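Residues in the sequence shown are numbered consecutively from 1, following UniProt numbering. The structure under discussion appears below in the form of structure tokens.
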Amino acid sequence: MPKNKGKGGKNRKRGKNKADDEKRELVFKEEGQEYAQVLRMLGNGRLEAMCIDGVKRLCHIRGNMHKKVWISAGDIILVGLRDYQDDKADVILRYFAYEARLLKAYGELPENTMINVGIPGGLGEEDDVAGYDYIEFENPETSYVRDRIYDTFDYV
1 MPKNKGKGGK
11 NRKRGKNKAD
21 DEKRELVFKE
31 EGQEYAQVLR
41 MLGNGRLEAM
51 CIDGVKRLCH
61 IRGNMHKKVW
71 ISAGDIILVG
81 LRDYQDDKAD
91 VILRYFAYEA
101 RLLKAYGELP
111 ENTMINVGIP
121 GGLGEEDDVA
131 GYDYIEFENP
141 ETSYVRDRIY
151 DTFDYV
């Protein structure tokens, strides 16, 4: 059997539970940075985001955020713009929901920004409103199926 020479396994890499529920200081954008909303996750540390300036960019998650800060569709992020590639950016920070609401209240984000709302299919060029692909049960066939399911089980 091999001898253990390391200082721990993968759980050691995860580190201690930091005080994530603590409120942190609000970070505003600087020159060369922009606010963006995540459209969809692409995998391999990449995502597609719609920046506030109206440009859709391919963003790369930085190494110190990788596997530590979980980003999903609809999140508000701060990206660093690249001088040499306008269609690509790097994720600097992910804002929590309360921080995004504060940014909206301070006028940093537009009023029509939907904060932390999942965007199922992403925003296309022809889409005006995102995130409204809800299933309606008013269709006769689906309501019949729904009623049959409820009749099968005895709910009290």
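For every residue, glycine included, the Cβ atom is placed at its ideal position computed from N, Cα and C. Values in this document were obtained by computation on a predicted structure and should not be read as measured data.
Query                                                                                                         : Result
From Ala89, Tyr84, Asn112, residue whose alpha carbon lies closest to that of Ile77                           : Ala89
Val38 and Leu93 closer than 8 Å at C-beta                                                                     : no
Neighbourhood of Tyr132 by C-beta, 8 Å cutoff - its chain only, sequence neighbours within 5 removed          : Note that Tyr132 has pLDDT 43, beneath the 50 cutoff, so the model's placement of it is unreliable and no number is given.
Limits of the unbroken alpha helix (DSSP H) element including residue 172                                     : In the structure as shown, the chain begins at 1 and stops at 156. Residue 172 is therefore absent and cannot be evaluated.
Outcome for Leu103 when other beta-carbon atoms lying within 10 angstroms are tallied against a minimum of 16 : buried
Helix, strand or coil at Lys10 [DSSP, three-state]                                                            : helix
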